[in-house]
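S.K.: Numbering (this note's numbering), first residue to last: 33 to 105. Input: one structure, supplied below.
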């Protein structure tokens with residue numbers, strides 16, 4: 033009969049999983065459920081940041097175009 037291979041990563045994975053769950057529960061109780069970051073909130077923040085950068089880029093392009101027009105006169 034062959035010995036089954038031993039998975040040496042099973043215990044650390046279990047500890048990490050249990051710890052992550054504990055940290056999440058403590059965070060919910062300390063901060064409140066509404067203040068826990070979510071993937072949706074993170075995605076919305078990224079969208080807002082992209083919009084802000086696009087707005088700043090457009091403003092810079094307008095400013096540069098105005099400067100070129102004045103210089104060409």
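Ideal Cβ positions, reconstructed from N, Cα and C, are used throughout, including at glycine. If you're wondering where the values come from, they're calculated on a predicted model, not measured in any experiment.
My guess is that residue 60 and residue 68 are in contact by the Cβ rule of under 8 Å, so how many angstroms apart are they, rounded?
M.R.: Right, the Cβ-Cβ distance comes to about 6 Å (below 8 Å), so this counts as a contact.
S.K.: For residue 44, which of helix, strand or coil comes out of DSSP?
M.R.: It is helical.
S.K.: Under the three-state reduction of DSSP, which class applies to residue 74: helix, strand or coil?
M.R.: helix
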